[in-house]
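In what follows, a structure is listed as structure tokens, so that the remarks can point back to it.
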Amino acid sequence: MKTMRDAFGESLIELAAKRDDFVVLDADVAGGTGTNVFRDAFPERFIQCAIAEQNMMSVAAGLSTTGVIPIVTCYGVFASMRAVEQARNSIAYPQFNVKIAASHLGLDVGPDGPTHQAIEDIAIFRAIPNFTVISPADPGELKAAMPVILDYRGPVYIRTGRSPVPDIFGGSLKFEIGKGRIIQEGTDITIIAVGVMVHRAIQAAQIMEGEGISCRVVNMSTIKPIDKDLIVDSAIKTGAIITAEDHNILGGLGGTIAEVLVENYPVPMLRVGIKDIFAESGEPLDLARKYHLMPMDIADAVRYLHKLKEMKR
Amino acid sequence: MEKKNSKEQKLTDLAQELRKHIITMNCHAGSGHPGGSLSAVEIITFLFHKEMNFSFDNYRSPERDRFVLSKGHACLVLYAALAQKGFFDTKEFEKLRHVNGMLQGHPDRLKTPGVEFNSGSLGQGFSFSLGCALGGKRTFISRYTNTKPDYTNQNVLNREFRVYTIIGDGELNEGQVWEGFMFGAFHKLDNLVAIVDYNKYQSDDLNSNITALEPLMDKFRSFGWYALEIDGHNFEQIENSFLEARALKGKPTVILAHTVKGKGISFMENNPKWHGSLCPSGDEKIQALKDCGYGECVE
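Rendered as structure tokens:
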């Protein structure tokens with residue numbers, strides 16, 4: 016299994032060999048975000064901004080007017096909260112072509128604890144006009160997304176991640192902004208997942224298959240603009256939806272899907288995610304167990320919602 | 135008043151016209167920030183008419199010099215200067231701060247031609263300028279000749295451009311500014327000049343009654359910048375400071391420009407009331423226009 020940060024670093028190097036229109040900005044966390052390999056390979060395209068994320072965001076905006084696409088890299092907490100007002104006023108409002116790539120997301124951060132676990136970043140960035148919000152599910156999808164977001168003109172917030180994630184899509188993959196992907200078809204319930212929860216959703220679907228409940232699994236790697244058509248299609252075809260995210264259940268993927276359903280095709284729904292609390296230090300898997308982000312937890316939600324759906328019938 | 139040579143006389147006239155525009159706009163809008171606009175008049179006059187390679191003809195060119203008004207609330211003076219340079223008609227002044235107007239309460243690059251950055255959230259314009267200056271030095275672009283970026287102001291640069299930014303003294307309260315001072319020195323941005331409009335007042339009160347800003351020159355120097363202190367209403371001193379900055383290699387320059395808040399309008403000078411959120415009433419408007427040499431053209 017490849018870590019998301021290694022995949023990110025490799026992706027930058029592969030892209031840099033092919034195209035010369037981007038630079039990488041770092042806030043003294045190159046080891047953490049995976050950009051250290053890029054720094055060593057392309058030092059002149061690596062801009063050290065020090066532990067000063069607010070300045071870094073606005074510097075990126077200025078750089079974007081001079082012939083390069085800046086990729087701002089830092090931890091999710093600092094990108095989405097420490098420097099979010101700079102992301103809004105320096106980048107989003109003037110519509111500069113800056114990409115923000117954030118690592119260290121959710122409980123996947125692990126031992127560093129709640130100060131460094133970004134559990135609000137989806138909710139925050141999707142509330143800012145002009146931002147596109149992307150969260151790839153595996154190393155392959157991250158690598159496929161990078162050239163696409165560089166070709167896209169405008170502000171992008173992309174969640175890279177940190178830990179090892181199983182290869183879901185098996186290498187060759189076409190990434191399209193604004194399109195969710197059906198990973199497996201099913202008829203009883205749809206599980207829509209994002210980021211590290213996608214492979215857990217697939218496992219949950221396998222568990223349910225053994226119990227005779229058929230789950231459609233969707234990878235919703237673009238959270239904004241959201242793939243409304245796929246959500247409505249899933250609601251029509253399966254009649255119930257579960258969302259799964261390593262993020263607060265308020266305002267993130269679950270909130271996004273709920274908004275679409277309520278206005279277009281309301282069906283029973285449950286959100287699996289961090290239940291509006293700060294967690295703690297621990298190994299990512301131990302935290303996922305304790306805070307109910309495991310395949311078993313998604314499966315529990317499926318059983319409950321399936322029962323609810325049957326009762327309503 | 136001392137007799138001035140003709141060059142300086144012309145700059146003085148241009149400056150007085152900016153003051154008239156500021157008062158006119160302020161009255162149309164019914165609000166805005168006249169005090170901190172008036173204190174920056176001479177600096178902006180010199181930048182726009184003498185110092186910078188920036189005009190309506192080249193403002194989309196990647197090689198233009200950049201001006202960033204980091205203290206974005208003082209945009210009255212920026213709009214006045216842009217209108218004076220022919221970027222738009224002074225008729226636009228009437229719609230300042232009004233719905234469907236081109237001129238926003240703080241600068242907006244997408245709405246107003248000639249505006250580089252949506253400044254106003256303090257500290258950000260300064261950092262933005264650092265980013266422009268770093269890009270202008272193009273240490274990382276020079277190697278790449280086959281770049282084909284797909285947006286308008288993206289081309290190979292043939293010339294290192296210069297970046298000028300005006301920071302407010304109150305703006306120096308922001309931590310981001312000091313992040314920027316470290317960044318500018320570290321990256322040796324000698325194509326950048328930051329001018330501090332040191333009019334001694336911020337929104338509520340004197341700087342010295344808000345926080346411990348001084349000793350500013352010591353601070354700038356200890357952060358690795360070349361620091362100069364001038365009278366920000368004296369064209370000769372402004373010119374000389376820019377000449378010095380241009381000659382200096384290896385570090386950015388910060389000019390601490392001592393100014394008077396509300397400069398040139400008798401009843402506004404050094405009166406914190408005129409920081410913002412109000413405009414001159416009838417009699418005050420007549421007085422203000424008279425103060426900047428336009429006694430006869432009151433509408």
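Chains as they are written, first to last, in the numbering used here: chain W, 16 to 328; chain C, 135 to 433.
Built from N, CA and C at the ideal position, the CB exists for glycine as well.
Straight-line Cα distance separating residue j from residue i
i: Gly396 of chain C; j: Phe190 of chain C; result: 28 Å
i: Asp315 of chain W; j: Ala116 of chain W; result: 33 Å
i: Lys194 of chain W; j: Asn333 of chain C; result: 53 Å
i: Ala215 of chain C; j: Leu300 of chain W; result: 60 Å
i: Pro283 of chain C; j: Asn307 of chain C; result: Because the pLDDT at Pro283 of chain C is just 39, under 50, the model does not fix this residue reliably, and the value given afterwards should be weighed accordingly. Roughly 38 Å between the two C-alpha positions.
i: Asn280 of chain C; j: Asn325 of chain C; result: With a pLDDT of 41 at Asn280 of chain C, under the threshold of 50, the modelled position of this residue cannot be trusted; read the value that follows with caution. Between Asn280 of chain C and Asn325 of chain C, the C-alpha separation is close to 25 Å.
i: Ile86 of chain W; j: Ile183 of chain W; result: 26 Å
i: Gly46 of chain W; j: Arg177 of chain W; result: 11 Å
i: Leu412 of chain C; j: Gly366 of chain C; result: 25 Å
i: Leu256 of chain C; j: Tyr335 of chain C; result: 15 Å
i: Glu250 of chain C; j: Tyr428 of chain C; result: 30 Å
i: Lys290 of chain W; j: Arg318 of chain W; result: 19 Å
i: Arg103 of chain W; j: Gly269 of chain C; result: 21 Å
i: Gln371 of chain C; j: Lys141 of chain C; result: 14 Å
i: Lys17 of chain W; j: Lys271 of chain C; result: 38 Å
i: Thr286 of chain C; j: Pro196 of chain C; result: Since pLDDT at Thr286 of chain C reaches only 38, below the 50 mark, its modelled position is unreliable, and the value read off the structure follows with that caveat. Approximately 9 Å, taken between the alpha carbons.
i: Met96 of chain W; j: Asp136 of chain W; result: 8 Å
i: Ala381 of chain C; j: Ile28 of chain W; result: 38 Å
i: Pro414 of chain C; j: His232 of chain C; result: 18 Å
i: Ala65 of chain W; j: Lys229 of chain C; result: 42 Å
i: Ala422 of chain C; j: Cys161 of chain C; result: 11 Å
CB of residue i within 7 Å of CB of residue j, strictly
i: Thr88 of chain W; j: Asp41 of chain W; result: yes
i: Arg60 of chain W; j: Val38 of chain W; result: yes
i: Ile264 of chain W; j: Leu285 of chain W; result: no
i: Pro310 of chain W; j: Arg196 of chain W; result: no
i: Val202 of chain C; j: Ser171 of chain C; result: no
i: Val211 of chain W; j: Val233 of chain W; result: no
i: Ile300 of chain C; j: Ala174 of chain C; result: yes
i: Leu264 of chain C; j: Gly318 of chain C; result: yes
i: His167 of chain C; j: Ala208 of chain C; result: yes
i: Leu122 of chain W; j: Gln110 of chain W; result: no
i: Phe57 of chain W; j: Ala31 of chain W; result: yes
i: Val209 of chain W; j: Glu260 of chain W; result: yes
i: Gly267 of chain W; j: Ala138 of chain W; result: yes
i: Trp359 of chain C; j: Val388 of chain C; result: yes
i: Lys324 of chain W; j: Gly254 of chain W; result: yes
i: Gln258 of chain C; j: Gln63 of chain W; result: no
Limits of the alpha helix (DSSP H) - the one that residue i falls within
i: Gln258 of chain C; result: Gln258 to Lys271
i: Phe140 of chain W; result: Asp136 to Arg141
i: Tyr213 of chain C; result: Cys209 to Gln218
i: Ala133 of chain W; result: Where Ala133 of chain W is concerned, there is no enclosing alpha helix (DSSP H), given that its DSSP letter is neither H nor E.
i: Asp269 of chain W; result: First, the amino acid is wrong: residue 269 of chain W is Gly here, not Asp. From DSSP, the alpha helix (DSSP H) with Gly269 of chain W extends over Leu268 to Asn279.
i: Ser26 of chain W; result: Met19 to Lys33
i: Thr179 of chain C; result: Val175 to Phe180
i: Val317 of chain W; result: Pro310 to Lys327
i: Val247 of chain W; result: Lys243 to Thr253
Cβ-heavy atom distance, residue i to the ligand PLP, below 6 Å
i: Asp312 of chain W; result: The ligand PLP is not part of this structure, which contains no ligands at all.
Cut-off 6 Å between Cβ atoms - residues of its own chain near residue i, not counting five sequence neighbours on either side
i: Pro170 of chain W; result: Ile106, Ala107, Val113, Asn145 and Phe146
i: Ala159 of chain W; result: Leu188 and Phe190
i: Ser229 of chain W; result: Gly201, Thr202 and Asp203
i: Val124 of chain W; result: His131 and Gln132
i: Tyr213 of chain C; result: Leu237
Cβ shell of residue i (< 7 Å), same chain only, five flanking positions each side left out
i: Glu151 of chain C; result: Gln218
i: Phe222 of chain C; result: Leu216, Met236 and Pro247
i: Ala250 of chain W; result: Ile256, Leu276, Tyr280 and Val282
i: Asn192 of chain C; result: Arg198
i: Gly254 of chain C; result: Gly206, His207, His240 and Pro241
i: His409 of chain C; result: His167, Gly169, Gly170, Tyr335 and Ser337
i: Pro154 of chain W; result: Lys17, Met19, Ala22, Val180 and Asp182
i: Ala294 of chain W; result: Leu122, Pro129, Gln132, Leu302 and Tyr306
Where the beta strand (DSSP E) containing residue i begins and where it ends
i: Pro85 of chain W; result: Ile84 to Tyr90
i: Ser118 of chain W; result: Lys114 to Ser118
i: Thr81 of chain W; result: Unbroken run through Thr81 of chain W: none, as it is neither H nor E.
i: His155 of chain C; result: No beta strand (DSSP E) contains His155 of chain C, which is instead part of the alpha helix (DSSP H) from Ser140 to Ala163.
i: Ala259 of chain W; result: Ile256 to Asn263
i: Ile164 of chain W; result: Looking at the DSSP string, Ile164 of chain W is not in any beta strand (DSSP E); the run it does join, the alpha helix (DSSP H), is Pro154 to Asp166.
i: Glu363 of chain C; result: Tyr360 to Asp365
Neighbourhood of residue i by C-beta distance below 8 Å, restricted to the same chain and skipping five residues each side
i: Asp242 of chain W; result: Gly193, Lys194, Gly195 and Met235
i: Asn51 of chain W; result: Gly24 and Ala45
Which full runs of the alpha helix (DSSP H) of 4+ residues lie inside the stretch 285 to 331 of chain C, going along the chain? For the stretch 285 to 331 of chain C, whole alpha helix (DSSP H) runs of length 4 or above, ordered along the chain, are 309 to 320.
Tell me the start and end of each unbroken alpha helix (DSSP H) in the stretch 177 to 239 of chain W that is at least 4 residues and wholly inside, in chain order. Along the stretch 177 to 239 of chain W, the alpha helix (DSSP H) occurs as fully enclosed runs of 4 or more residues at 212 to 225, listed in sequence order.
Whole alpha helix (DSSP H) elements within the stretch 28 to 67 of chain W, 4-residue minimum: Taking only runs of at least 4 residues, the alpha helix (DSSP H) segments lying wholly in the stretch 28 to 67 of chain W are 45 to 48 and 51 to 56.
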